[in-house]
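S.K.: Position 189, counted from 1, in the sequence shown is what numbering that gives the first Met the number 0 calls 188; the numbers after and before it change by one each time, with no gaps.
All residues carry an ideal CB built from backbone N, CA and C; glycine is no exception.
This one's a predicted model, so the numbers in the text were calculated from it and none came from an experiment.
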Amino acid sequence: MTQTPTRFFAYCLSSVPAIRLPSAATILLLLTACAGQQMPDSAQQTPPLPAAPSALTQWDDYRTVLGNIAHWQVQGKLGIRVPDHSGSVYFNWKQLPEQFAILLNGPLGQGSTWVRGTDNQVSLEQAGQEARFAATAEQLMYNTLGWWLPVSELNYWVKGIPAPNQPVNQSIHYEDGTLQTLQQNGWDISYPRYQQIDGWQLPGKVVARHRLADQDSDIKLTFIINQWQLH
């Protein structure tokens with residue numbers, strides 16, 4: 000029988016007694032995978048970072064170039080709200096072309112959880128718990144929670160650009176050309192704050208909301224990004 004979101008969240012962070020987080024944290028967990036208990040090595044054959052444009056005068060070109068940057072790392076805090084539950088965790092997300100990794104933990108490093116894998120397999124693991132496997136992060140989410148999450152799209156949204164594999168329902172831009180709000184694949188994403196990293200305007204805060212079809216409520220994810228690295 001498929002676990003409810005609340006039960007699975009307890010599975011992920013059961014060792015953090017100070018915060019009873021709902022399983023929406025697995026939304027972030029299922030974004031990524033890695034080959035071991037370390038972040039992937041980004042030094043191997045890393046392509047040079049493209050130069051950032053001086054202004055966002057050509058949005059299509061800007062999002063294409065930024066979307067093609069496949070070596071990056073982001074750290075910060077994730078606020079999570081699902082029906083009847085809310086909480087926050089710290090995250091460290093590293094993206095490579097063929098593998099990606101995330102470490103999610105509570106205060107003082109407690110309750111660490113990893114997702115590992117490659118393009119062919121994703122696994123969710125925590126010490127003392129049985130590992131879970133699936134071919135994709137989306138499938139792992141569905142198998143565990145019983146509903147789909149656009150994991151591939153979040154890969155782009157966190158960089159402040161739409162995902163190329165889905166149509167954009169609506170987008171509003173700031174005067175400098177960066178995204179202010181985005182509607183895509185049933186999600187509403189807003190960008191209240193940006194920061195300049197290596198000449199690029201990258202999000203400092205991302206808020207993603209999704210209305211649950213069978214409930215009068217929504218899922219809300221708030222990414223507070225403290226550190227960006229583009230490789």
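Output the distance between the C-alpha atoms of Glu97 and Asp118, rounded to the nearest integer angstrom.
M.R.: Here residue 97 refers to the residue found at position 98 of the sequence shown. Here residue 118 refers to the residue found at position 119 of the sequence shown. Roughly 6 Å between the two C-alpha positions.
S.K.: Arg210: buried (16+ other C-beta within 10 angstroms of its C-beta) or exposed?
M.R.: Here residue 210 refers to the residue found at position 211 of the sequence shown. It counts as exposed.
S.K.: With C-beta atoms as the reference, is Gly75 less than 8 Å away from Ile160?
M.R.: Mapped onto the sequence shown, residue 75 falls at position 76. Mapped onto the sequence shown, residue 160 falls at position 161. No, they are not a contact pair.
S.K.: By the three-class DSSP mapping on this structure, what secondary structure does Thr180 have?
M.R.: On the sequence shown, position 181 is the one that residue 180 refers to. Strand.
S.K.: Does DSSP put Asp217 in a helix, a strand or coil?
M.R.: Counting from one through the sequence shown, the residue named residue 217 turns up at place 218. DSSP places Asp217 in strand when its eight states are reduced to three.
S.K.: Contact between the stretch 168-177 and the stretch 71-85 is defined here as three or more beta-carbon pairs at a separation below 8 Å; is this criterion met?
M.R.: No, the stretch 168-177 does not touch the stretch 71-85.
S.K.: Do Ala207 and Leu220 have their beta-carbon atoms positioned less than 8 Å apart in this structure?
M.R.: The sequence position of residue 220 within the sequence shown is 221, counting from 1. The sequence position of residue 207 within the sequence shown is 208, counting from 1. Contact flag set, yes.
S.K.: Looking at Glu137 and Leu153, is the spacing between their C-beta atoms short of 8 Å?
M.R.: Taking the sequence shown and counting its residues from 1, the one referred to as residue 153 is at position 154. Taking the sequence shown and counting its residues from 1, the one referred to as residue 137 is at position 138. Result no, Cβ atoms of Leu153 and Glu137 do not sit closer than 8 Å.
S.K.: Assuming the contact rule is C-beta atoms closer than 8 Å, Leu77 and Val88 should be a hit. Round their C-beta distance to whole Å, please.
M.R.: Indexing the sequence shown from 1 puts residue 77 at position 78. Indexing the sequence shown from 1 puts residue 88 at position 89. Indeed, because the Cβ distance is near 6 Å, the residues count as touching under 8 Å.
S.K.: Classify Arg62 as buried or exposed, calling it buried when 16 or more other Cβ atoms lie within 10 Å of its own Cβ.
M.R.: Locating residue 62 in the sequence shown gives position 63, where the first residue counts as 1. The residue is buried, with at least 16 neighbouring Cβ atoms inside 10 Å.
S.K.: Skipping 5 residues on each side, what residues in its chain have a beta carbon closer than 6 Å to that of Thr180?
M.R.: The sequence position of residue 180 within the sequence shown is 181, counting from 1. Counting only Cβ-Cβ distances below 6 Å, and skipping sequence neighbours, we find Ile171, Ser189.
S.K.: Identify whether Ile79 lies in helix, strand or coil by the three-state DSSP scheme.
M.R.: On the sequence shown, position 80 is the one that residue 79 refers to. In the structure shown, Ile79 sits in a strand (DSSP, three-state: E or B).
S.K.: State the Cα-Cα distance for the pair Gly86 and Tyr193, rounded to the nearest angstrom.
M.R.: What you label residue 86 is simply residue 87 of the sequence shown in a count that begins at 1. What you label residue 193 is simply residue 194 of the sequence shown in a count that begins at 1. Distance between the alpha carbons of Gly86 and Tyr193: 23 Å.
S.K.: Tell me which residue opens and which closes the alpha helix (DSSP H) that Val64 is part of.
M.R.: Translated into positions along the sequence shown, residue 64 becomes position 65. Where Val64 is concerned, the enclosing alpha helix (DSSP H) stretches over 58-66.
S.K.: Between the C-alpha atoms of Val157 and Glu129, what's the straight-line distance to the nearest angstrom?
M.R.: Taking the first residue of the sequence shown as position 1, residue 157 is located at position 158. Taking the first residue of the sequence shown as position 1, residue 129 is located at position 130. When rounded, the distance between both Cα atoms is 30 Å.
S.K.: Using the Cβ count rule (16 or more neighbours within 10 Å means buried), how would you classify Pro191?
M.R.: Counting from 1 along the sequence shown, the entry for residue 191 is found at position 192. Exposed, because fewer than 16 other Cβ atoms sit within 10 Å of the Cβ of Pro191.
S.K.: Just list the residues that DSSP pairs Gln226 with in beta bridges.
M.R.: Here residue 226 refers to the residue found at position 227 of the sequence shown. In the DSSP output, where bridge partners are listed per residue, Gln226 has Gln74.
S.K.: How close, in whole Å, do the beta carbons of Lys204 and Ile218 come, if the pair is a contact with beta carbons under 8 Å?
M.R.: By one-based count along the sequence shown, residue 204 stands at place 205. By one-based count along the sequence shown, residue 218 stands at place 219. Incorrect: roughly 17 Å between the Cβ atoms, too far for contact.
S.K.: In or out: Ala126 buried (at least 16 other Cβ within 10 Å) or exposed?
M.R.: The residue you call residue 126 lines up with position 127 of the sequence shown. By the 10 Å Cβ count, Ala126 comes out exposed.
S.K.: Excluding the five sequence neighbours on either side, which residues of its own chain have a C-beta within less than 6 Å of the C-beta of Trp58, listed in chain order?
M.R.: Taking the sequence shown and counting its residues from 1, one reaches residue 58 at position 59. Excluding positions up to five away in sequence, the list reads Gly176.
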